[in-house]
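A.B. asks: Below are the structure tokens for one structure; questions will follow.
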Amino acid sequence: MGITNVKKVAIKDLLKRCILSKFQKYKPETISMPFHYKLLGKDRMALFSFIHSLNTTFGTSIYEPVAIELAKDRFKIAKSQVSPNNRISSEAHSVIQSIVDGIATTSREPNKIKELEEIRNVCTTGKFDAVKLTKVDIWLESHDKQLYLMDIKTVKPNFGDFKSFKRMLLEWSAAEMAKNPKIVVNTFIAIPYNPYEPKPYDRWTMKGMFDLSNEILVANEMWDFLGGPGTYDDLLDCFELAGIELRPQIDEYFTKFRNN
């Protein structure tokens, strides 16, 4: 199925606007690097600096708006950077702590379905604690009222952060269940592309902490979920077309650094 031609044009134009907006806000680093300038040229160093700046914000400035553009036709609600409910029951807190500790010490295997039922059983038990949770990068509600909450990560997440990522996903679920104990919540770590292609994504580092089948979406799994089967390959074409159309403007922008 993939992306329709109309949607392809919309995504291509969205990408162009995102990049041009980044150009308008971008201020090259003022650090003097005389050896680099002499060897590589100021224009190439400015381009390198811009790419580095873009990489640090790629999730919010590129991936999130593209994800919403893809999802808004398939889901009832599609939003980015949403603050979840700010209350979790004390008993749910205890269950989450037990789950995370058990997985971290290998005394239990990750099992998202079982974990969510454990939280659901106590989601309104005890007192409610105010919490400040991480914002949800991509917030989706399907037409049958299921929630799909995604956190977009870099393609190589730090192993030391996995425990906090797991807790975050469970806390999002508990916070929504505190509002509605019957709500169906699906939470994911989403990784936009596979840096190991053509080899499979190296998920072994995540295996101990996450239920890979129910908590991790990588590359085509992420994009095809948002836009339907075939979306990932079509999306790469959209990026290529946007890049081709932007190339003259990009070249012109960085030429001005050549003689500075």
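For the sequence shown, the residue numbers in our numbering are 70 to 329. Note that the Cβ used here is the ideal one computed from N, Cα and C, for glycine as well.
Trp241 and Thr223: beta carbons closer than 7 Å?
C.D. replies: On the sequence shown, position 172 is the one that residue 241 refers to. On the sequence shown, position 154 is the one that residue 223 refers to. No, they are not a contact pair.
A.B. asks: Where Cys87 and Thr193 are concerned, what is the direct C-alpha to C-alpha distance, given to the nearest angstrom?
C.D. replies: Against the sequence shown, residue 87 aligns to sequence position 18. Against the sequence shown, residue 193 aligns to sequence position 124. Roughly 42 Å between the two C-alpha positions.
A.B. asks: Could you pull out every unbroken alpha helix (DSSP H) segment of at least 4 residues lying fully inside the stretch 113-184, listed in chain order?
C.D. replies: Segments of the alpha helix (DSSP H) lying fully in the stretch 113-184: 133-140 and 159-173.
A.B. asks: Suppose only complete runs of 3+ residues qualify. What are the beta strand (DSSP E) ranges in the stretch 231-294, listed by chain order?
C.D. replies: Entirely contained in the stretch 231-294, the beta strand (DSSP E) runs reaching 3 residues are, in chain order, 254-260 and 285-287.
A.B. asks: Assign His162 to one of two classes, buried (16 or more other C-beta atoms within 10 Å of its C-beta) or exposed (fewer than that).
C.D. replies: Walking along the sequence shown from the start, residue 162 turns up at place 93. By the 10 Å Cβ count, His162 comes out buried.
A.B. asks: Using three-state DSSP, classify Phe326 as helix, strand or coil.
C.D. replies: Taking the sequence shown and counting its residues from 1, one reaches residue 326 at position 257. Three-state result, Phe326: coil.
A.B. asks: My output table needs one value for Tyr301: the three-state DSSP class, helix, strand or coil.
C.D. replies: By 1-based counting over the sequence shown, the position of residue 301 is 232. Looking at Tyr301 - three-state DSSP - the assignment turns out to be helix.
A.B. asks: Comparing alpha-carbon positions, which option in Ile157, Lys111 and Phe231 lies nearest Ile172?
C.D. replies: The residue labelled residue 172 in the question sits at position 103 within the sequence shown. Closest by alpha carbon: Phe231.
A.B. asks: Taking 8 Å as the cut-off, does the stretch 184-191 touch the stretch 284-293 (at least 3 CB pairs, one atom from each stretch)?
C.D. replies: No, the stretch 284-293 is not in contact with the stretch 184-191.
A.B. asks: So, with DSSP's three-state summary, where would you put Ile313?
C.D. replies: On the sequence shown, position 244 is the one that residue 313 refers to. Correct three-state label for Ile313: helix.
A.B. asks: Kindly list the residues whose CB is nearer than 6 Å to the CB of Ala259, restricted to its own chain and excluding five residues on each side of it in sequence; keep chain order.
C.D. replies: Locating residue 259 in the sequence shown gives position 190, where the first residue counts as 1. Result list for Ala259: Met219, Ile221, Leu286 and Met291, in chain order.
A.B. asks: Just to check my reading of the structure: Glu284 and Leu238 have Cβ atoms closer than 8 Å, yes? What is that Cβ distance to the nearest angstrom?
C.D. replies: Taking the sequence shown and counting its residues from 1, the one referred to as residue 284 is at position 215. Taking the sequence shown and counting its residues from 1, the one referred to as residue 238 is at position 169. Their Cβ separation, rounded to whole angstroms, is 6 Å, which keeps Glu284 and Leu238 in contact under 8 Å.
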